[in-house]
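Engineer: If you scroll down you'll find the structure; I have some questions about it.
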Ligand code: C2E
Ligand code: CA
Ligand code: CA
Ligand code: CA
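Numbering (mature numbering (1 follows the signal peptide of the UniProt record, and there is no 0)), first residue to last: 848 to 1125.
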């Protein structure tokens, strides 16, 4: 029995108990995940709707635990946010993704943009700008090749802070995109003040885009608004040719999703590029 302080008592169900036991277990295991080499990045191609070329890659974190198997970032990122591990992990993600991009460029692949997800805790770190620029400069990667993805929910949680951080990154030549756009209740007056390069239309709107008139209208409105504000658009979770053709017709700049490729280990990402003739 747990005393909740307000209306007396509440009871842990066995499901809640199992949930908190796993959270605890993952939280502890996460402390060693980096040093034991259990974390990896996969890269998902981002494709221009203009010419079908791969113009970018999103780095997505993978955790392979020796006993627990592969654990989804949707499960472990929130735990890492809570216990602070997201700070060293997030820094490792930035370094690894930038180094990968540098290796690809050195090996003669066409330059492209590397998109890296930023957690709420990283976004609030006062030295974010210094960290990002030092990683880029150490690897001799021009700032314009990095794009940081911040979810709309995190940006809108503290819009004043977001405006300040975005201004700083923008001045440093680093691109920002707003992830999961449409799910975080942006106020348009703030959106106008965000130095954002790209809106990433959430996959929940893309899913039924060929059938659902509401989703069609929402996606068309986001694309038009972005274009009026001088922002690019990318749609995530594109799985079918029908979705692609609707998005292209509406003027969405880029697409990403299983229709093209799932997130791939670095070597397979290169094979994918070669198969596309890039
Ligand atoms: P997200 O940033 O919105 O990433 C998109 C998710 O959709 C990825 O899941 C990706 O694998 C998946 N996806 C891509 N194409 C399709 C598609 O066509 N259909 C469907 N149904 N799904 C698709 P993933 O890799 O499991 O990542 C889940 C979330 O974990 C990410 O959502 C992001 O919020 C977080 N995450 C992943 N890597 C990192 C990281 O390095 N740092 C931070 N802070 N968060 C990360
Ligand atoms: Ca993302
Ligand atoms: Ca997203
Ligand atoms: Ca998402």
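Glycine residues also receive a C-beta, built at the ideal position from the N, C-alpha and C atoms.
Check the DSSP bridge columns for residue 876 and list the partner residues they point to.
Structural biologist: One-based indexing of the chain shown puts residue 876 at position 29. Answer by DSSP bridge pairing: none, since residue 876 is not bridged.
Engineer: Considering Cα atoms alone, identify which of 1091, 1121, 862 and 1116 is closest to residue 813.
Structural biologist: Only positions 848 to 1125 of the chain appear in the structure, and residue 813 is not among them; the question remains open.
Engineer: How far does the alpha helix (DSSP H) with residue 1051 in it extend, from its first residue to its last?
Structural biologist: Position 204 of the chain shown holds residue 1051. Looking at the DSSP string, the run of the alpha helix (DSSP H) that includes residue 1051 is 1050-1053.
Engineer: Rounded C-beta distance between residue 910 and residue 865? I'm assuming under 8 Å.
Structural biologist: By 1-based counting over the chain shown, the position of residue 910 is 63. By 1-based counting over the chain shown, the position of residue 865 is 18. In this structure residue 910 is not in contact with residue 865, their Cβ atoms being roughly 20 Å apart against a cut-off of 8 Å.
Engineer: Bridge partners of residue 918, per DSSP?
Structural biologist: To locate residue 918, count along the chain shown from 1; it is residue 71. 910, per the DSSP bridge assignment.
Engineer: Quick check on this structure: which residue in 1005, 1002, 903 and 1097 has the alpha carbon closest to the alpha carbon of residue 951?
Structural biologist: As a working mapping, residue 951 is identified with position 104 in the chain shown. Per the Cα distances, 903.
Engineer: If you measure from the CB of residue 1047, is any heavy atom of ligand 3 nearer than 7 Å?
Structural biologist: Position 200 of the chain shown holds residue 1047. Yes, ligand 3 has a heavy atom inside 7 Å of this Cβ.
Engineer: Only counting runs of 4 or more residues, tell me where the alpha helix (DSSP H) segments fall wholly within the region 1035-1105, in order along the chain.
Structural biologist: Within the region 1035-1105, the complete alpha helix (DSSP H) runs of at least 4 residues are 1035-1040, 1050-1053, 1060-1075 and 1088-1097.
Engineer: Would you identify the three-state DSSP class for residue 956, choosing helix, strand or coil?
Structural biologist: For the purposes of this step, residue 956 is taken as the residue at position 109 of the chain shown. Three-state DSSP puts residue 956 in coil, outside helix and strand.
Engineer: Exposed or buried, residue 999, counting other C-beta atoms within 10 Å across all chains shown (16 or more means buried)?
Structural biologist: Numbered from its first residue, the chain shown carries residue 999 at position 152. Its Cβ being crowded by 16 or more others within 10 Å, residue 999 is buried.
Engineer: Consult DSSP for residue 848 and reduce its assignment to one of helix, strand or coil.
Structural biologist: The sequence position of residue 848 within the chain shown is 1, counting from 1. Caution applies to residue 848, whose pLDDT of 43 falls short of 50 and renders its modelled position unreliable; the model cannot decide the point.
Engineer: Between the alpha carbons of residue 957 and residue 947, how many angstroms are there, rounded?
Structural biologist: The sequence position of residue 957 within the chain shown is 110, counting from 1. The sequence position of residue 947 within the chain shown is 100, counting from 1. So the two alpha carbons sit approximately 13 Å from each other.
Engineer: Give a single yes or no on whether residue 921 has its beta carbon closer than 7 Å to a heavy atom of ligand 1.
Structural biologist: Indexing the chain shown from 1 puts residue 921 at position 74. Yes, since a heavy atom of ligand 1 falls inside the 7 Å radius drawn around the Cβ of residue 921.
Engineer: Could you tell me the distance, in whole angstroms, from the CA atom of residue 1123 to the CA atom of residue 1112?
Structural biologist: Start at 1 with the first residue of the chain shown, and residue 1123 comes out as number 276. Start at 1 with the first residue of the chain shown, and residue 1112 comes out as number 265. Between residue 1123 and residue 1112, the C-alpha separation is close to 17 Å.
Engineer: Taking the alpha carbon of residue 1121 as the point to measure from, which residue in 949, 1007, 877 and 892 has its own alpha carbon closest?
Structural biologist: As a working note, residue 1121 is residue 274 in the chain shown. With distances taken between Cα atoms, residue 1121 lies closest to 892.
Engineer: Tell me the DSSP bridge mates of residue 964?
Structural biologist: Position 117 of the chain shown holds residue 964. 996.
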